[in-house]
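In terms of the UniProt record's numbering, the sequence shown is residues 1 to 297.
Quick reminder that beta carbons are idealized off the backbone N, C-alpha and C, glycines included.
Below is one structure, written out as C-alpha cells, with a few remarks after it.
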Amino acid sequence: MPEAATAAAAPASTAFVTDSTGDGGFAFEFDRDTALTRRAPGVYDIDLSAGWTIISAVNGGYLLAVLGRALADALPHRDPFTISAHYLTASQPGPAVVRTDVVRTGRTLSTGQASLFQYDENGAEIERIRVLASYGDLDALPDDVRTTAKPPAIPPIDQCFGPEDGPAPVDGSSAIADRLMLKLDPSTLGWALGQPSGKGEMRAWFGLKDGRDPDPLSLLLAVDALPPTAFEIGLRGWVPTVELTVHVRCRPAPGPLRVSITTRNLAGGFLEEDAEVWDSADRLVAQSRQLARVRLG
C-alpha cells in the first residue's frame, strides 16, 4: 500500500501543528493547510489542499512552506535562512508524504534536505519537489544592518487593485486568490487591461486574507504568490517554476508585506524572477530568485 494512504490512520497526537486554537482547531487557514502528521522520525504525511492551486496545480510557494515546516520539525533550529527547491513534477491536491534528512547540525546553523512524493493511479511513487535548506535562529541575529536597498514605491493599499476589483475573474485566476490579500500596483496591471508594459515588473501589497500575520514560513509563500512577471512582458498562460531559492533575512513585523518582483531576461523559453519582500517596519525580510519556463507563441 502506498505510504500516503496510511496518513488517516496516524494518531492525532503526532500532528505537527502551529498556531492552533485552544480547542484543538486552527486559528488560520495557512497553518491548517500546511500542518503535517509525523508518522516516524523524518517522515510526514499531509493532504495537499486544493485551496492553494493555480488552475489545477498546487502553488510552488505553498509547497515550499509545507517542506519548510517539515524541516523546522526535523532540524534543531526552527527558522529557514536559505532554502532551494527544484520542482520536478506538478503537484496535485491530495495525499502526499514528505521525507527529510539531516545533513549537518551546528551551533548556529543546521542543514537538511526534504522531498515531497505523491502516487500515480498505479501506486507508483512520484517525487514532486526536492529541497536543500539551512536553518537557524532569526532572533539571535545581530541588529547591525548596512544596506543600499530601499522599499519598493507602491501606492497605498486603497489605491491598488486585487482580483475582487475586476468586473470578472482575471484570466488564469485560481483558488489561491481567495486566500490572499493581494493588492497590485496599478502601474504593473497593464496586462489585465490588454496593455502590458513590456517591463517585466510586478509589485503588490501581500497578506493572508484571514488576517494571519507574516512569519518566516509565510514568506516562502509570499515570494511566489504574485501574478507572473511574464504577463507584463506580454505572455499569458502557466509559468511553472523550475528552481526557486529563498533567503529569509529577518522575522517580519506584523502587518501587510510589500513584494516587488522583476524579470530582466527572457531567453530560450525561460526567465528569471528576482523578488524582494519588505515588512511594515521597512525591513527587507526576504529575497528570492527563481527560474521559470514560459510558453512562447
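Reduced DSSP secondary structure (H/G/I, E/B, other) of residue i
i: residue 28; result: coil
i: residue 172; result: Its pLDDT being 48, under 50, residue 172 is placed unreliably by the model, and the measurement read from it follows with that caveat. Looking at residue 172 - three-state DSSP - the assignment turns out to be coil, as it is neither helix nor strand.
i: residue 252; result: coil
i: residue 10; result: Any reading at residue 10 is ruled out, since the residue's pLDDT is 35, under 50, leaving its predicted position unreliable.
i: residue 189; result: coil
i: residue 73; result: helix
i: residue 143; result: coil
i: residue 283; result: coil
i: residue 43; result: strand
i: residue 58; result: strand
i: residue 223; result: coil
i: residue 33; result: helix
i: residue 197; result: coil
i: residue 301; result: Missing from the structure shown is residue 301; the chain here goes from 1 to 297 and no further.
i: residue 88; result: coil
i: residue 80; result: strand
i: residue 163; result: helix
i: residue 95; result: strand
Cut-off 6 Å between Cβ atoms - residues of its own chain near residue i, not counting five sequence neighbours on either side
i: residue 181; result: 207, 209
i: residue 282; result: 151
i: residue 252; result: 214, 279, 285
i: residue 273; result: 229, 261, 263, 290
i: residue 240; result: 293
i: residue 295; result: 237
Beta-bridge partners of residue i, as assigned by DSSP
i: residue 157; result: Residue 157 is not bridged to any residue.
i: residue 121; result: Bridge partners of residue 121: none, in fact.
i: residue 241; result: 292
i: residue 113; result: 101, 132
i: residue 261; result: 202, 275
i: residue 231; result: Paired residues: none, contrary to the question.
i: residue 38; result: 44
i: residue 270; result: 267, 293
Backbone CA spacing between residue i and residue j [nearest angstrom]
i: residue 137; j: residue 108; result: 7 Å
i: residue 291; j: residue 76; result: 30 Å
i: residue 55; j: residue 231; result: 16 Å
i: residue 139; j: residue 250; result: 8 Å
i: residue 165; j: residue 44; result: 39 Å
i: residue 202; j: residue 163; result: 15 Å
i: residue 101; j: residue 135; result: 13 Å
i: residue 47; j: residue 148; result: 42 Å
i: residue 88; j: residue 185; result: 32 Å
i: residue 276; j: residue 255; result: 16 Å
i: residue 288; j: residue 248; result: 9 Å
i: residue 49; j: residue 39; result: 19 Å
i: residue 32; j: residue 233; result: 36 Å
Nonlocal neighbours in the same chain, by C-beta distance under 8 Å from residue i, ignoring five residues either side
i: residue 178; result: 51, 209
i: residue 176; result: 51, 52, 53, 54, 59, 62, 225
Residues near residue i by beta carbon distance below 7 Å, same chain, minus five either side
i: residue 30; result: 208, 212, 218
i: residue 269; result: 293, 294, 296
Quiz item: So, do the segment 103 to 122 and the segment 221 to 230 have three or more beta carbon pairs nearer to each other than 8 Å?
Solution: As far as the Cβ criterion goes, the segment 103 to 122 does not touch the segment 221 to 230, which means the pair count is below three.
Quiz item: Can at least three beta-carbon pairs, one atom from the segment 53 to 71 and one from the segment 123 to 133, be found at a separation below 8 Å?
Solution: Yes: at least three Cβ pairs fall under 8 Å.
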